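Colleague:
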Amino acid sequence: MPQQVRGVVARAKGEPVSLETVVVPDPGPGEAVVRVQACGVCHTDLHYREGGINDDFPFLLGHEAAGVVEEVGEGVTEVAPGDFVILNWRAVCGRCRACRRGRPWYCFDTANARQRMTLLDGTELAPALGIGAFADKTLVAAGQCTKVDPTVSPAVAGLLGCGVMAGLGAALNTGAVGRGDSVAVIGCGGVGGAAVMGSRLAGAARVIAVDVDDRKLESARRLGATHTVNSRQQDAVEAVRELTGGFGADVVIEAVGRPETYEQAFYARDLAGTVVLVGVPTPEMRLELPLLDVFGRGGALKSSWYGDCLPSRDFPMLVDLHLQGRLDLGAFVSETVPLDAVEEAFARMQRGEVLRSVVQF
């Protein structure tokens, strides 16, 4: 029968979130109910609260989560009650043109639960990224559950559900950073920090972290940056070029999502280099570049959706690397907080005081 749980809800644009009673229906065909154990506080949740994604209020926030499958609906075979899973927002369909061409990380028809969770009065909630995991339990499509080694800490595992995977994947998958490459990462919050870590994991010889906040630059050093640039104090493009023999970096990862930082990324790369945009812009932003420069500099300009990850492939691999001591995912967890402290965690995130706050249940 339907269950009543606590959940963090954004009722209107810009208003503080509230802790409310959420009704979670029994799972239908292809669905699963997951008992959430940990959920990261991500900038995307704040974008939802601020109306930066869409205006489908009220939202049930939270999406960067791990937990245990409690119930499954008819026809579900990929997970079973008791499985420890990371939730993902790319449940591939296996049928669309991208999947049929062997590129499921670009799936154009990803699945969410068909039913909606509601408030007590029946008001339907829009779950953030189809997940809604700032709640004791949530209803998702079964394909949004990726089984991983249950010995990993939920607070660490959940981060792969969004921001850390986005940054790691921007380097490993989209940017295809290789051994000996030079990489610049512009914006060193959680996503940019993960791009730094992913670049070092891939064997980059030089990883240059660029930010306006010395605290984030220090975090980037701990995550593997070989050089740091405070772009309030020096020109980022000239600094990256100086650190790469005057040429620019082989791969530049833009983890801010603003026109001015994208322009920096464009000119900080070497000829025939690659720019990867993983920072999320807002709808009104516009970019202007000389078309001759786009042509003349060659290379590739890419966008990275979710780090171009395939959860069934990447989540278990990255968890295993972490458990082997080769990928310190725990370095991203700045603090753990209770469910009723999400609004305060948003404020600390906006002030740049944390890499990730994690709600622990």
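Residue numbers for the sequence shown follow my numbering, beginning at 50 and rising by one. Glycine included, every Cβ here is placed at the ideal spot set by N, Cα and C. These numbers were taken from a predicted model, which means no experiment stands behind them.
Can you tell me where the beta strand (DSSP E) holding VAL57 begins and where it ends?
Modeller: Working through the sequence shown from its first residue, we reach residue 57 at position 8. Here the beta strand (DSSP E) through VAL57 covers 52-59.
Colleague: Tell me which residues share the same chain as VAL71 and place their Cβ nearer than 6 Å to its Cβ, disregarding the 5 neighbours each side in the sequence.
Modeller: Along the sequence shown, read from residue 1 onward, the residue named residue 71 stands at position 22. For VAL71, where only same-chain residues beyond five positions count, the Cβ hits under 6 Å are VAL54, GLY56, MET166, ALA184.
Colleague: Assuming ASN222 and GLY356 make a contact with CB atoms under 8 Å, what is their CB distance in whole Å?
Modeller: The count along the sequence shown starts at 1 and reaches residue 222 at position 173. The count along the sequence shown starts at 1 and reaches residue 356 at position 307. ASN222 to GLY356, Cβ: 6 Å. Contact.
Colleague: Comparing C-alpha positions only, which one of ASN279, ALA115, TRP354, PRO360 sits nearest to GLY89?
Modeller: The residue you call residue 89 lines up with position 40 of the sequence shown. Cα-wise, what sits closest to GLY89 is ALA115.
Colleague: Do the CB positions of GLY322 and GLY297 come within less than 8 Å of each other?
Modeller: Taking the first residue of the sequence shown as 1, we reach residue 322 at position 273. Taking the first residue of the sequence shown as 1, we reach residue 297 at position 248. Yes, they are a contact pair.
Colleague: Span of the alpha helix (DSSP H) holding ALA298?
Modeller: If you number the sequence shown from 1, residue 298 lands on position 249. Taken as a continuous stretch (DSSP letters only), ALA298 belongs to no alpha helix (DSSP H), being part of the beta strand (DSSP E) at 298-303.
Colleague: Under the rule that 16 or more other beta-carbon atoms within 10 Å means buried, what is GLN373, buried or exposed?
Modeller: One-based indexing of the sequence shown puts residue 373 at position 324. So GLN373 counts as exposed.
Colleague: If you reduce the DSSP assignment to three classes, tell me which class PHE395 lands in.
Modeller: On the sequence shown, position 346 is the one that residue 395 refers to. Here PHE395 sits in helix by DSSP.
Colleague: Helix, strand or coil: how does DSSP classify PHE108 here?
Modeller: Counting from 1 along the sequence shown, the entry for residue 108 is found at position 59. Strand, per DSSP.
Colleague: Is the beta carbon of VAL368 sitting closer than 8 Å to the one on LYS351?
Modeller: By 1-based counting over the sequence shown, the position of residue 368 is 319. By 1-based counting over the sequence shown, the position of residue 351 is 302. Contact: no.
Colleague: Compute the Euclidean distance between the alpha carbons of VAL382 and LEU341, then round it to the nearest angstrom.
Modeller: Translated into the one-based positions of the sequence shown, residue 382 becomes position 333. Translated into the one-based positions of the sequence shown, residue 341 becomes position 292. The alpha-carbon atoms of VAL382 and LEU341 are separated by roughly 43 Å.
Colleague: Decide if the region 147-156 is in contact with the region 103-111; the criterion is three or more beta carbon pairs, one per stretch, under 8 Å apart.
Modeller: No: the two stretches stay apart, fewer than three of their Cβ pairs being nearer than 8 Å.
Colleague: If we ignore side chains and look at the alpha-carbon of each, how far apart do ALA206 and ILE257 end up?
Modeller: The residue given as residue 206 occupies position 157 in the sequence shown. The residue given as residue 257 occupies position 208 in the sequence shown. Answer to the nearest angstrom: the Cα atoms are 27 Å apart.
Colleague: Within the same chain, show all residues whose beta-carbon is closer than 8 Å to that of ALA304, passing over the 5 residues directly before and after it, in chain order.
Modeller: Sequence index remark: in the sequence shown, residue 304 carries index 255 (1-based). Here the set comprises GLY216, ALA219, VAL234, ILE235, GLY236, CYS237, GLY238, VAL240, GLY241, ALA244, VAL327, GLY328.
Colleague: Measure the CB-CB distance between GLU119 and ARG84 and report whether it falls below 8 Å.
Modeller: As a first step, residue 119 must be located in the sequence shown, where it is residue number 70. As a first step, residue 84 must be located in the sequence shown, where it is residue number 35. Contact: yes.
Colleague: Answer with buried or exposed for LEU209, where buried requires no fewer than 16 other C-beta atoms within 10 angstroms of its C-beta.
Modeller: For the purposes of this step, residue 209 is taken as residue 160 along the sequence shown, with counting starting at 1. Counting Cβ neighbours within 10 Å, LEU209 comes out buried, since at least 16 surround it.
Colleague: Quick check on the DSSP output: the beta strand (DSSP E) that includes PHE133 runs from which residue to which?
Modeller: Taking the first residue of the sequence shown as position 1, residue 133 is located at position 84. PHE133 -> beta strand (DSSP E) spans 133-136.
Colleague: Does the region 249-266 come close enough to the region 331-350 to have 3 or more Cβ pairs within less than 8 Å?
Modeller: Short answer: they don't touch.
Colleague: Checking 8 Å against the spacing of the C-beta atoms, do THR195 and VAL73 come in under that value?
Modeller: As a first step, residue 195 is located in the sequence shown; it is residue number 146 there, counting from the start. As a first step, residue 73 is located in the sequence shown; it is residue number 24 there, counting from the start. No, the pair does not count as a contact, with Cβ atoms beyond the cut-off.
Colleague: Have a look at the DSSP bridge pairing and note the partners of VAL259.
Modeller: Taking the sequence shown and counting its residues from 1, the one referred to as residue 259 is at position 210. Answer by DSSP bridge pairing, in chain order: ILE235, VAL278.
Colleague: On the criterion of 16 or more Cβ atoms from any shown chain inside 10 Å, does PRO411 qualify as buried, or is it exposed?
Modeller: Residue 411 cannot be examined here, being either before or after the span of the chain that is shown, 50 to 410.
Colleague: Looking at the structure shown, is LEU46 part of a helix, part of a strand, or coil, going by DSSP?
Modeller: No answer is possible for residue 46: the residues shown for the chain start at 50 and end at 410.
Colleague: For LYS196, which of helix, strand or coil comes out of DSSP?
Modeller: On the sequence shown, position 147 is the one that residue 196 refers to. LYS196 falls in the strand class under three-state DSSP.
Colleague: Are three or more beta carbon pairs between the region 132-143 and the region 173-180 nearer than 8 Å?
Modeller: Verdict: yes, contact present.
Colleague: Roughly how many whole angstroms lie between the Cα atoms of MET246 and THR126?
Modeller: Residue numbering aside, residue 246 sits at position 197 when the sequence shown is read from its first letter. Residue numbering aside, residue 126 sits at position 77 when the sequence shown is read from its first letter. Taking the straight line from one Cα to the other gives about 34 Å.
Colleague: VAL289 to LYS265, Cα distance in whole Å?
Modeller: Here residue 289 is taken as the residue at index 240 of the sequence shown, counted from 1. Here residue 265 is taken as the residue at index 216 of the sequence shown, counted from 1. One C-alpha to the other measures close to 17 Å.
Colleague: Under 8 Å, Cβ to Cβ, is there at least one residue of chain C near GLY192?
Modeller: Here there is only one protein chain, and chain C is not present.
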